[in-house]
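J.: If you use my numbering, the sequence shown corresponds to residues 0 to 222, in order.
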Amino acid sequence: MLPLFFSANVFYSYQQNEVNGKTFNIRTRSLNGALYWIAQMIGGLVIGLILDMPWFNRNMRARIGWAVLIVTGMAIWGGGYAFQLWENKRIAQGLIQDIDYTQGNISTGPIILYIFYGGYDALWQGFAYWLIGTESNSTARAAVLVGAYKTFQATGGAMAWRINALHKSPLTQLGMNWGLCIGSLIVVLPTVWTVSNHTTVEAEAGYDGDNKEPAPKTVEEEV
Numbered sequence: 000m001l002p003l004f005f006s007a008n009v010f011y012s013y014q015q016n017e018v019n020g021k022t023f024n025i026r027t028r029s030l031n032g033a034l035y036w037i038a039q040m041i042g043g044l045v046i047g048l049i050l051d052m053p054w055f056n057r058n059m060r061a062r063i064g065w066a067v068l069i070v071t072g073m074a075i076w077g078g079g080y081a082f083q084l085w086e087n088k089r090i091a092q093g094l095i096q097d098i099d100y101t102q103g104n105i106s107t108g109p110i111i112l113y114i115f116y117g118g119y120d121a122l123w124q125g126f127a128y129w130l131i132g133t134e135s136n137s138t139a140r141a142a143v144l145v146g147a148y149k150t151f152q153a154t155g156g157a158m159a160w161r162i163n164a165l166h167k168s169p170l171t172q173l174g175m176n177w178g179l180c181i182g183s184l185i186v187v188l189p190t191v192w193t194v195s196n197h198t199t200v201e202a203e204a205g206y207d208g209d210n211k212e213p214a215p216k217t218v219e220e221e222v
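(1) If we count the other Cβ atoms within 10 Å of its Cβ and call it buried at 16 or more, is serine 195 buried or exposed?
(2) From Leu144, Met175, Tyr80, pick the residue whose C-alpha is nearest to that of methionine 158; which is it?
(3) Looking only at its chain, what residues have a beta carbon closer than 8 Å to the beta carbon of glutamine 152, apart from the 5 residues adjacent to it on each side?
(4) With a threshold of 16 other CB atoms inside 10 Å of the CB of glutamine 92, please say whether the residue is buried or exposed.
(5) Identify the continuous alpha helix (DSSP H) that holds glutamine 39 and give its terminal residues.
(6) In the DSSP assignment, the alpha helix (DSSP H) including leucine 179 goes from what residue to what residue?
(7) Identify, in the order they occur along the chain, each residue of the same chain with its Cβ nearer than 8 Å to the Cβ of glycine 155, setting aside the five sequence neighbours on each side.
(8) On the DSSP bridge list, what partners appear for isoleucine 95?
(9) Counting pairs of Cβ atoms below 8 Å between the stretch 112–129 and the stretch 57–68, do you hit three or more?
(10) Could I get the ranges of all uninterrupted beta strand (DSSP E) runs contained in the stretch 49–127, with 3 residues as the minimum, in chain order?
(11) Is the Cβ-Cβ distance between leucine 144 and glutamate 134 less than 8 Å?
(12) In the DSSP assignment, find the alpha helix (DSSP H) that holds alanine 153 and state where it starts and stops.
(13) Thinking C-alpha only, which one of Arg89, Leu48, Met0, Phe115 is nearest isoleucine 37?
(14) Are the CB atoms of leucine 170 and glutamine 83 within a distance shorter than 8 Å?
(15) What is the rounded straight-line gap between the Cα of leucine 183 and the Cα of glycine 132?
(16) Please list the terminal residues of the continuous alpha helix (DSSP H) segment that includes phenylalanine 10.
(17) At a cut-off of 7 Å, would you count serine 195 as near the ligand MG, judging by its Cβ distance to the nearest heavy atom?
(18) So, is isoleucine 98 buried or exposed, given that buried needs 16 or more other C-beta atoms within 10 angstroms?
(19) I need the DSSP call for phenylalanine 193, collapsed to helix, strand or coil.
(20) Is the distance from the Cβ of lysine 21 to the Cβ of isoleucine 95 below 8 Å?
(21) Assign glycine 77 to buried or exposed, taking buried as 16 or more other Cβ atoms, counted over all protein chains shown, within 10 Å of its Cβ.
(22) Within the same chain, show all residues whose beta-carbon is closer than 7 Å to that of isoleucine 69, passing over the 5 residues directly before and after it, in chain order.
(23) Whole-angstrom Cβ separation of asparagine 31 and isoleucine 110, contact assumed at under 8 Å?
(24) Could you check if tryptophan 177 is buried or exposed, using at least 16 other CB atoms within 10 Å of its CB as the buried criterion?
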């Protein structure tokens, strides 16, 4: 799950600086910021509904959630690639921070893309936390996993902001984000595929689920 954690914040610097920051004027950037976070709220609701569907067991819901992330990820990042090719041509002509939301013929597509970027972030975060929750009912173990999540999330975000500060090309940053997201989803697939339908405290503590008898203690445990 570590690559999944690492990729959770890598796209912020690209989306906020290269997409929103270089494309729109100030009032449209402000509007986009509001729409981005509203989309996060909606995305959080959507992924919650998907992962809590009562018609499927937990293992199947894990696989459905993973499929939603990889399909929407390919679609959204693919749209971002088309946008960036278009935006590069505009930048070459000296057109930077000029699009207003009232220019519907050119502003609608990029604004919708930015909204979907926000929604996808919520899908990602929600799925990551849900997957952590399937690993344990122990609050101590869950705390360790969440700590690892926040650590690697911050590390990935710091790396991405540094790359942005070095003025790497927007297309390079997009490729990095796209590759990390899809790659980490592929790496986490074995964890997704083996999500159990139930996690019991007894199983985590070393108890046999059938006879409820404790497992033999090791010498270290007895000491």
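Glycine included, every Cβ here is placed at the ideal spot set by N, Cα and C. Nothing here was measured: the structure is a model prediction, and the numbers come from that model.
T.: To lay it out plainly:
(1) By 1-based counting over the sequence shown, the position of residue 195 is 196. Exposed is the call here.
(2) Along the sequence shown, read from residue 1 onward, the residue named residue 158 stands at position 159. For methionine 158, the closest alpha carbon among the candidates Leu144, Met175, Tyr80 is that of Met175.
(3) Translated into positions along the sequence shown, residue 152 becomes position 153. For glutamine 152, where only same-chain residues beyond five positions count, the Cβ hits under 8 Å are Phe4, Phe5, Ala7, Asn8.
(4) Counted from its first residue, the sequence shown places residue 92 at position 93. Exposed is the call here.
(5) In the sequence shown, counting from the first residue as 1, residue 39 sits at position 40. Glutamine 39 -> alpha helix (DSSP H) spans 25–50.
(6) The residue you call residue 179 lines up with position 180 of the sequence shown. Segment 169–186, the alpha helix (DSSP H) holding leucine 179.
(7) Translated into the one-based positions of the sequence shown, residue 155 becomes position 156. Cβ contact annotation for glycine 155 (same chain, cutoff 8 Å, sequence separation greater than five): Phe4, Phe5, Ser6, Ala7, Asn8, Val9, Leu179, in chain order.
(8) Within the sequence shown, the letter at position 96 stands for residue 95. DSSP output for isoleucine 95 lists no bridge partner at all.
(9) The stretch 112–129, when compared against the stretch 57–68, does touch it at the 8 Å Cβ threshold.
(10) The stretch 49–127 contains no complete beta strand (DSSP E) run of 3 or more residues.
(11) Within the sequence shown, residue 144 is the residue found at index 145, counting from 1. Within the sequence shown, residue 134 is the residue found at index 135, counting from 1. Between leucine 144 and glutamate 134, the CB-CB gap stays under 8 Å.
(12) Position 154 of the sequence shown, counting from 1, holds the residue named residue 153. For alanine 153, the enclosing alpha helix (DSSP H) starts and ends at 138–164.
(13) Locating residue 37 in the sequence shown gives position 38, counting from the first residue. Of the candidates Arg89, Leu48, Met0, Phe115, Phe115 places its Cα closest to the Cα of isoleucine 37.
(14) The residue labelled residue 83 in the question sits at position 84 within the sequence shown. The residue labelled residue 170 in the question sits at position 171 within the sequence shown. In terms of Cβ geometry, glutamine 83 and leucine 170 form a close pair [threshold 8 Å].
(15) Position 184 of the sequence shown, counted from the first residue, corresponds to residue 183. Position 133 of the sequence shown, counted from the first residue, corresponds to residue 132. According to the sequence displayed, residue 183 carries serine and not leucine. C-alpha separation (whole angstroms): 18 Å.
(16) What you label residue 10 is simply residue 11 of the sequence shown in a count that begins at 1. Boundaries for phenylalanine 10: no alpha helix (DSSP H) harbours it, and the DSSP string shows neither H nor E there.
(17) The ligand MG is not part of the structure shown, which contains no ligands of any sort.
(18) Translated into the one-based positions of the sequence shown, residue 98 becomes position 99. So isoleucine 98 ends up on the buried side.
(19) Position 194 of the sequence shown holds residue 193. Checking the displayed sequence, the identity of residue 193 turns out to be threonine instead of phenylalanine. If DSSP states are grouped into helix, strand and coil, threonine 193 belongs with coil.
(20) Your numbering for residue 21 matches position 22 in the sequence shown. Your numbering for residue 95 matches position 96 in the sequence shown. Cβ atoms of lysine 21 and isoleucine 95: closer than 8 Å.
(21) Here the question's residue 77 lines up with position 78 in the sequence shown. Exposed, by the Cβ-count rule.
(22) The count along the sequence shown starts at 1 and reaches residue 69 at position 70. Cβ within range, chain order: Ile181, Leu184.
(23) In the sequence shown, the residue the question calls residue 31 occupies position 32. In the sequence shown, the residue the question calls residue 110 occupies position 111. Sure, about 6 Å apart at Cβ, within 8 Å.
(24) Position 178 of the sequence shown, counting from 1, holds the residue named residue 177. Using a 10 angstroms sphere on the CB of tryptophan 177, the tally of other CB atoms reaches 16 or more, which defines it as buried.
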